[in-house]
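Below is one structure, written out as structure tokens, with a few remarks after it.
Residue numbers (my numbering), protein chains in the order written: chain A, 6 to 495; chain U, -17 to 470.
Laid out in structure tokens, this is it:
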């Protein structure tokens, strides 16, 4: 019985919980409430994933209005996988949040902070669950507005400019998306994704449709931080509170990748894919190399990871550019794996920020010996980022390179491997500073981070190792999802 | 216990040992006991496995299936057994040596040293027993990463720089070239299993075989074929036991072992010779043999000279693999053993000289042999074995390598081998000669210098004795190498 309402509950529960959280007093209570909500969400998301894993589809009619008139929530393997990532990261981040938030957010803002996290969660989950493009836009705005707020709550004053920058760029992106949706609505008179797919087929040559497509792709590319529309991302990740860096880095861009896949492959489908393929491949190639090089020269660990994120997103974009079964599988697998590695890395950096009070690399000297668990977490997650065998990152790289080889694209094969080598350099930069520089004498003794920060970090680190050896969840579900996307190219 | 459990046990023991070492970090004696017990147990288990393996028992175990159809799988075959015997027995001897060295030299952070050492050996055994190329690659990378802290052990700016070169070259070649080669292989054949006769024949256009083989040879940076050899001299900043076991035995041999595996089980010798894949790449190995020997002659630092000597000797094995005849493969596989025992003795001696006399430069070692006769005696024995003179084990591998060159009519390569032997004489023998008969620079006599700690001497004595024994009884290794090379 409840199974039918799963898809809706996943959105409604955090939506109702958010205002309740805002009213709870103190520090512990809002945290505890948010924590339980995220765990319930994780439970529901895993349940949902287990239902659709075999390739079946859940269709839920909101308010009993039949689609295409009413809003339909339509869950297949891809939605469920991304929803699971979002819910899982939220559920792992929240235990981490308590101590970190105590240190970074003043008490009178705490309950509002948690409410904003829940709203962000609502937005991200809603985007993933819905089968209606306008509904998707609404949820995108919910998640964006709440993330502007969350970023602005960073301790440094520069968080405000970072949030403002993101606000402007994000609003432009959302507006573009809305214009695009408006154009195709004007052409077809429907907002339901599947219905759009049917109705767009005969009029695919219309200029309005092309214009709408262009607006939509550029709009999403802004949210995706697709190179060269990535400028908002480094500041946003660097200056936001540690918890928010973790949460956004591991979820927000992943959801944007989902929107892109949905729009390009489900709504517009095959005939326009060709248009994006070249763009994705070219931007992907440049986007892997240039941000990786920028990452090498960063002096702030969070900013370094932010640039690395842009490069990693470009891998996913490359997979989309191939528009083949292998390529899209690689994209989805990397969406999952990258959430794990970046989540773990930002958590570990957050643990250092908790102890040292800064994420500048110069303050990391010699911390490897004083914070061995945090250091090992950075090392293992970093190896995963590089793509060393035995880690989740290796699996992503494996599929991506296979996809490139399948197309006989030697250039892209080379670019992917070069990206890994550049990752070696920037990961090793952190490792070397932490492990080999002596501790400056002015610094007082630093202790290992508290367990409440370490345990969530190590949950993600272990996941990095686990999914390097067992790919039943990632690769199989991604394969099912790609099959349901209806990609016909090999 | 079943065979699979025995195999898992021997692979897991070093890692368990590493945990034990960390747990006993506050009590050095207990910690060293853990190292010795683990090393003895591993050595005993490897010997036991060898006994059963020779009796015909198959050993195989599947761990996981990370990619559809691609397993993490361990399976013992003759070449891996040979490599495991060498690594397993030498770990025990090196552990004995290391305790004397590390204490005599008052090294810091000894716990992390012993722990990482155990992990490195664990991954070496994993590489030896790997049942397919994916597993081998996995262990290869763990080995790279676990040896990095050992190279950087001293923590000085020089050590950091050396370690950076070390990990940079090894990771760059393995990710940039080797992984690419593995992926191409998989994309073409759909498998990464080791099979008799290779998996690429009939599937790969012979015109491309040379290029793919080059990706493998250069991608396996641990084999130190020029121009990707710089990491090995750079790694000499490590403590001497590390240089001895890891950079004369485990790490570098893991490289050439991978080369042998790839040529025998991925390409297949027939495919290599028929497609002419080895046509030009073999000259890189030949050039490395000569150039590295020439560079070795110019090194005054003893460890650097030995490092370049290793670079040169490794290419013997690569050459054996690339000639791809039964004889040359037999010689290459045997050379893994022969060179291991001889080179580790040389490094032991270098470390003993450092601990006892605090000297690293060869030009300072005049007359030192009279004060440290055992050390320099062992050095002499090992030098003769490296050169390939009877009655030392090194003769056999050179013999078969030479036979391989003759068999294929590669007279030029045979000349390379001969010249290299002469060069070996020129850069190795002056050291003991200077030690025994030379004079000190300033005419002082070494009254205050005595031999190195006893555990160091014991280790050196054992390995140099092995060099001698391997001449008369090469049989266990010979049989393994022969069946790996596809002989009887």
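In this text, a Cβ means the ideal position worked out from N, Cα and C, and glycines have one as well.
- Taking 9 Å as the Cβ-Cβ cut-off, the segment 77 to 100 of chain A has no residue approaching chain U.
- The Cβ atoms of residue 453(A) and residue 394(A) lie no closer than 8 Å to each other.
- Taking a 10 Å sphere around the C-beta of residue 203(A), we find fewer than 16 other C-beta atoms and assign the residue as exposed.
- From the listed residues 368(A), 420(A), 134(A), the smallest Cα separation to residue 445(A) is found for 368(A).
- Of all residues in the segment 157 to 168 of chain U, only 157, 158, 159, 161, 162, 165, 166, 168 come within less than 9 Å of chain A when Cβ atoms are compared, listed by chain position.
- Among the CB atoms of chain U, none fall inside 8 Å of the CB of residue 445(A).
- Between the segment 101 to 109 of chain U and the segment 138 to 150 of chain U, the count of C-beta pairs closer than 8 Å stays below three; the two stretches do not touch.
- As a beta-bridge residue in DSSP terms, residue 66(A) pairs with 77(A).
- By the 16-neighbour rule on beta-carbons within 10 angstroms, residue 400(U) is exposed.
- Under the Cβ criterion of 8 Å, residue 149(A) is not counted among the residues facing chain U.
- Judged by their CB atoms, residue 269(U) and residue 192(U) are not nearer to each other than the 8 Å cut-off.
- In summary, residue 14(U) is buried, with 16 or more beta-carbon neighbours lying within 10 Å of its beta-carbon over all protein chains present.
- Just so you know, the alpha carbons of residue 137(A) and residue 372(A) end up roughly 49 Å apart.
- Secondary structure of residue 453(A) (DSSP, three-state): coil.
- Contacts with chain U at 8 Å (Cβ-Cβ) include residue 395(A).
- Not flagged as an interface residue toward chain A: residue 132(U), since no C-beta distance is shorter than 8 Å.
- Distance check between residue 185(A) and each of 215(A), 96(A), 475(A) places 215(A) closest, using alpha-carbon atoms only.
- Proximity of chain A to residue 137(U) at the Cβ level (cut-off 7 Å) is accounted for by 441, in chain order.
- The beta-carbon of residue 491(A) is placed no less than 8 Å from the nearest beta-carbon of chain U.
- In the DSSP assignment, residue 55(U) falls within the beta strand (DSSP E) that extends over 52 to 57.
- Comparing alpha-carbon positions, the option among 79(A), 463(A), 480(A) lying closest to residue 94(A) turns out to be 463(A).
- Here residue 378(U) has 316, 456 as same chain residues with Cβ atoms under 6 Å from its own Cβ, once five neighbours each way along the sequence are excluded.
- In this structure residue 200(A) is buried. Its beta-carbon is surrounded by 16 or more other beta-carbon atoms within 10 angstroms.
- For the segment 109 to 128 of chain A, the beta-carbon criterion of a distance under 9 Å to any beta-carbon of chain U is satisfied by none of its residues.
- Your pair residue 149(A) and residue 27(A) does not check out as a contact, with CB atoms roughly 19 Å apart and the cut at 8 Å.
- Segment contact: the segment 352 to 367 of chain A against the segment 239 to 248 of chain A, three or more CB-CB distances shorter than 8 Å; contact assigned.
- At least one CB of chain U lies nearer than 8 Å to the CB of residue 400(A).
- For residue 323(U), the closest alpha carbon among the candidates 311(U), 368(U), 359(U), 345(U) is that of 368(U).
- Going by DSSP, residue 355(U) is part of no beta strand (DSSP E) but of the alpha helix (DSSP H) stretching over 355 to 369.
- In this structure, 241(U) is the residue among 334(U), 361(U), 241(U), 353(U) with its C-alpha nearest to the C-alpha of residue 302(U).
- Within chain U, no residue has its CB atom less than 9 Å from the CB of residue 465(A), the nearest being about 18 Å off.
- A straight-line Cα-Cα distance of about 11 Å links residue 422(U) and residue 351(U).
- Nearest CB-CB separation between residue 453(A) and chain U: not below the 8 Å threshold.
- Within its own chain, the residues whose Cβ lies closer than 7 Å to the Cβ of residue 402(U), once the five positions on either side in sequence are excluded, are 271, 272, 275, 294, listed in chain order.
- Between the alpha carbons of residue 471(A) and residue 478(A) lies a distance of about 11 Å.
- Setting aside the 5 residues that flank it on each side, residue 170(A) is surrounded in the same chain by 237, 240, each with a C-beta closer than 7 Å to its C-beta; the list follows chain order.
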